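Before any comments, here is the structure.
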Amino acid sequence: MNLSLLAIELNMKKFLITLLISASLLSVFAQQGTVRGFVYEESTGEPIIFSTVIIKGTTMGASTDINGFFSLVNVPPGSYTLISTFIGYDTASVAIDVVANKTNNIKVFLEESAIKIREIEISAEKSERTSKVNISVQTITPKKINKIPTIGGEADIAQFLQTMPGVIFTGDQGGQIYIRGGTPVQTKYLLDGMPIYNPIHSIGLFSIFETDAMKNVDVYTGGFGGQFGNRISAVVDVTTRDGNKKELSGKVSANPFLAKLLLEGPLKKIDEKGSSVSFLLSTKYSYLDKSSKALYSYVDSNGIPFNFRDFYGKISATSSTGSKFNLFGFNYSDEANFQGVSNFAWDAIGGGGNFIIIPGRSNIYFRTNFNYSSYDVSLQEAEDKPRQSSIKGFNLGMDFTYFISNGQIDYGLDVTGFKTTFEFFNPLGIIIDQNQNTTELGAYFSMKKHWDKFVIEPSLRLQYYGSLGEISPEPRLGMKYNITDDLRIKVATGIFSQNLISTKSDKDVVNLFTGFLSGPEETLTTIDGDDAKSKLQKAFHIIGGVEYDLGKRITINVEPYYKDFFQLINLNRNKLFPEDSDYLIEEGAAYGLDVLVNYDYNQIFLWAAYSLGYVERNDGNQVYNPHYDRRHNVNLIASYSFGEDLDWEVNARWNFGTGFPFTQTKGFYEQLVLGGGIDTEYETENGNLGIIYADELNGGRLPDYHRLDFSVKKKVYFKNESLLEIQAGVTNIYDRANIFYFDRVRFTRINQLPILPTLGMSFSF
């Protein structure tokens with residue numbers, strides 16, 4: 030009995046000791062402080078993204094986010110020096126006193142460095158690579174976009190995307206962008222949080238996004254986290270700047286392709302507390318269809334028949350605490366008029382807002398967005414009935430970030446509602462149409478946590494599709510292990526779903542018209558003839574990677590990937606009878622290897638990207654390669670700045686790609702149109718030329734593609750800080766005849782753009 034009492038007494042002592050230790054640890058933890066704030070550009074008041082912030086003499090540090098915000102939690106009380114650095118800016122130091130259970134709200138302003146050398150020991154990019162998984166994602170800034178030779182004299186994200194590993198571009202005239210085997214509708218484009226349904230203009234060389242208005246672009250080629258839903262392949266997330274908060278400034282430019290104007294400035298200048306109201310307006314107008322008749326008549330005597338008009342406006346208000354409210358709106362339109370053949374046009378209009386709230390003491394960071402947009406597209410081809418489609422909808426989302434030591438927790442909700450209308454007549458005259466309202470609900474939770482060697486980013490997304498009554502649980506995971514400071518391995522995996530369907534078939538080679546449909550409510554049949562268990566498009570990604578820093582200036586990234594598109598839904602373009610299903614289920618896969626080598630130091634920028642890719646589809650009859658399946662793709666970029674004030678710059682880009690697949694011709698026949706039914710005089714009726722295609726779909730390969738572009742820039746600086754930039758360039762400098770497609774009926778080869786010299790000027794003030 031005494032032994033039992035002794036044992037109980039000993040256990041009670043252990044419990045009390047444990048309790049005291051735990052209480053002591055909690056007390057120490059509770060007595061830590063928080064240092065957070067924003068890093069701004071001194072000259073404009075714009076937030077500086079991805080700058081490095083560290084507490085001198087410690088290992089505590091962070092990188093600023095897309096809003097220039099940083100947060101350091103669990104900082105022991107004491108006096109410190111906070112240091113902020115970013116490439117191209119002078120280092121800033123701020124003395125801080127950290128008090129237990131208190132939050133230091135700091136604003137740091139960085140001045141652009143007068144010294145052009147860009148050697149900075151503390152690199153924001155290095156910090157990002159070691160503390161985040163960063164797999165299958167490239168961060169693009171306007172500075173990078175301007176490093177490639179511009180087609181038509183204007184740098185554009187559509188042109189830079191084509192240089193990235195894993196990205197395939199199918200042509201200069203109406204070409205589309207395919208990311209790691211995914212079709213355009215399987216890539217989610219976002220502008221300040223708003224879904225954009227068609228971001229590329231018909232000519233394929235320009236996007237709706239204005240480069241000079243951009244703050245940042247994140248391109249996720251696969252394996253993205255739970256914050257993104259309703260796409261199964263990739264995400265392109267574009268964020269715009271707030272506008273100059275100190276003075277009126279802008280840029281006007283013109284070249285043979287287009288003219289543009291950008292204005293920005295304060296409605297209320299930024300004060301010593303950091304509060305401000307600013308605006309940004311950008312517009313561009315293409316007159317290529319007119320200018321090409323005089324300058325590029327050798328391409329087509331009727332001119333190059335593309336034109337577009339873009340407008341974007343934004344107002345941004347920032348409080349003294351760093352909380353922010355943005356309102357924006359846009360109108361984008363496009364037209365391609367092939368005389369006597371077809372008239373294609375689309376128009377997009379929308380607007381919305383977002384705001385960021387940063388509570389005074391809490392470690393919670395709250396963001397929300399709301400928007401509405403509409404997209405209408407039509408195609409009228411000679412002697413054919415018109416095709417029409419539209420999608421109109423809203424999006425509302427709330428996101429929360431909670432900062433923890435060496436990481437953060439993110440969670441949020443979003444609601445999407447849209448209406449799709451579609452009308453299309455197939456070659457047999459059977460109408461395929463849809464008029465449907467859809468509501469989607471999404472919720473996600475993710476965590477980012479890094480230790481000395483290990484980084485983990487697990488997430489879970491739950492997506493509910495209201496019109497289908499279906500919920501899709503989507504676990505996702507990213508991990509990285511820092512073997513050394515210079516060598517890292519990483520992996521990402523996840524499940525993805527989407528409801529949106531494109532009217533464009535994977536079998537279309539050239540088709541400007543892209544309508545949008547929501548998922549079918551009818552029961553679908555799999556390629557095995559069974560009833561499908563889901564009415565969604567679904568995919569599974571598994572991606573690996575190795576990063577290696579060769580010295581301080583060369584980064585090598587190698588990523589093998591596999592995307593299993595285990596359910597794809599396409600429009601049934603071969604519908605024979607009204608009772609036939611409007612939709613078909615296919616399966617597919619995309620796999621390969623992407624390699625990127627990047628050197629960016631001082632005046633030299635080098636970029637070498639190689640992709641080995643395989644894309645397959647199974648329609649139930651045969652396994653085939655879709656028309657964008659390019660086996661090898663190489664992009665080489667070189668940029669060099671020189672002169673006393675680095676006022677000269679030369680840029681070059683060379684692209685090589687193996688040939689796209691196509692279906693070979695087996696023969697021809699006379700195709701009679703029996704307009705009179707059984708009374709048609711078929712013996713005397715004149716028919717059209719019909720084509721007999723080979724049994725094997727896309728069994729042939731077009732010739733290889735390669736092209737060299739070159740440009741030179743001259744900058745002229747004025748005393749009032751204005752800048753005149755003159756740029757001359759040549760696209761397809763050795764006039765390579767790259768095939769676009771072959772017109773079988775007319776037996777004519779249609780090539781992509783020939784040699785195109787351009788001269789452009791811009792004036793910034």
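Quick note: the sequence shown uses this note's numbering, first residue 30, plus one each step.
Ideal placement from N, C-alpha and C gives every residue a C-beta, glycine not left out.
The structure presented is a predicted model; accordingly, all values stated were derived computationally and were not measured.
Answer yes or no: do residue i and residue j have a C-beta to C-beta separation smaller than 8 Å?
| i | j | result |
| --- | --- | --- |
| G447 | I420 | For the record, residue 447 in the displayed sequence is Phe; it is not Gly. Yes. Within cutoff. |
| N400 | G222 | yes |
| F525 | E499 | no |
| P549 | Y493 | no |
| N684 | N664 | yes |
| A568 | S262 | yes |
| F373 | K353 | no |
| Q596 | L625 | no |
| K742 | G210 | no |
| L291 | G342 | no |
| I768 | L737 | no |
| V328 | L753 | no |
| D516 | A472 | In the sequence as presented, Asp is not what sits at residue 516; that position holds Leu. Contact: no. |
| P194 | A766 | no |
| A521 | V162 | yes |
| G251 | Y590 | yes |
| N627 | W636 | yes |
Give the single residue among the options whose Cα lies nearest to the Cα of residue i.
| i | options | result |
| --- | --- | --- |
| A121 | K85, M193, F432, F776 | K85 |
| Y440 | L752, F474, F373 | F474 |
| R390 | G210, L625, G62, G97 | G62 |
| Q256 | G351, L506, T110, L310 | L506 |
| V248 | F453, I78, S563, F189 | F189 |
| A91 | E452, E576, Q437 | Q437 |
| D658 | W375, T347, T212, D201 | T212 |
| F395 | I556, F594, N96 | N96 |
| N601 | K533, V652, K581, T88 | K533 |
| K302 | V137, S80, A288, S142 | V137 |
| V587 | Q167, S320, N727 | Q167 |
| L497 | K478, S563, F453 | S563 |
| P224 | F432, N398, V745, I614 | N398 |
| N273 | R582, E70, I116 | E70 |
| T269 | A288, L277, T240, E276 | T240 |
| H656 | F198, P487, N355 | F198 |
| G728 | N435, F691, P105 | F691 |
With residue i and residue j assumed to form a contact (beta carbons below 8 Å), what rounded beta-carbon distance in angstroms separates them?
| i | j | result |
| --- | --- | --- |
| Q693 | A667 | At roughly 39 Å, the Cβ-Cβ gap does not stay under 8 Å, so Q693 and A667 are not in contact. |
| I174 | I186 | 6 Å |
| I633 | I530 | Not a contact, Cβ separation roughly 45 Å. |
| T544 | V406 | Checking the sequence shown, residue 544 turns out to be Gly, not Thr. At roughly 6 Å, the Cβ-Cβ gap stays under 8 Å, so G544 and V406 are in contact. |
| V265 | Y218 | 5 Å |
| S403 | G379 | 7 Å |
| R338 | Y314 | 5 Å |
| G558 | I518 | About 43 Å; that fails the 8 Å criterion. |
| V68 | T93 | 5 Å |
| G789 | G182 | 3 Å |
| Q60 | A129 | 4 Å |
| I784 | N761 | 5 Å |
| R660 | G672 | No, R660 and G672 are not in contact; Cβ-Cβ is about 42 Å, not under 8 Å. |
Drop a sphere of 10 angstroms on the beta-carbon of residue i, count the other beta-carbons inside from all chains shown, and report buried for 16 or more, exposed for fewer.
| i | result |
| --- | --- |
| S56 | Model confidence at S56 stands at a pLDDT of 42, short of 50, so the residue's coordinates are unreliable; what they give is reported in the following sentence. Flag for S56 reads exposed. |
| E750 | exposed |
| G698 | Here residue 698 turns out to be Tyr, not Gly, going by the sequence shown. The residue is exposed, with fewer than 16 neighbouring Cβ atoms inside 10 Å. |
| E148 | With a pLDDT of 41 at E148, under the threshold of 50, the predicted position of this residue should be treated as unreliable, though the coordinate-derived value follows. Under this definition E148 is an exposed residue. |
| I146 | Only weak support is given to the placement of I146: the predicted model assigns it a pLDDT of 43, under 50, and the question is left unresolved by the model. |
| N464 | exposed |
| S236 | buried |
| Y734 | buried |
| F58 | Reliability of the predicted coordinates at F58 is poor, the pLDDT of 45 falling under 50, and the value obtained from them is presented with this limitation in mind. Per the 10 Å Cβ criterion, exposed. |
| S53 | Note on S53: pLDDT 42, under 50, position unreliable in the model; the coordinate value appears next. Per the 10 Å Cβ criterion, exposed. |
| R416 | buried |
| A184 | buried |
| A36 | Residue placement at A36 is poorly supported in this model, since its pLDDT is 47, which falls under 50; the coordinates still yield a value, given next. Exposed, since its Cβ has fewer than 16 Cβ neighbours within 10 Å. |
| L139 | buried |
Return no unless some Cβ of chain C is closer than 8 Å to the Cβ of residue i.
| i | result |
| --- | --- |
| A187 | Here there is only one protein chain, and chain C is not present. |
Segments of 3+ residues assigned as beta strand (DSSP E) that fall wholly inside the segment 251-288: 263-269, 278-283
Which residue spans inside the segment 83-120 form an unbroken beta strand (DSSP E) run of at least 3? 90-92, 98-104, 107-114
Alpha helix (DSSP H) runs contained entirely in the segment 458-494, provided each spans 4 or more residues: none
Let me know the alpha helix (DSSP H) ranges lying completely inside the segment 387-417, each 4 residues or longer, listed in chain order. none
Would you mind listing the beta strand (DSSP E) stretches within the segment 280-348 that are 3+ residues and don't spill past its ends, in chain order? 287-297, 305-315, 335-347
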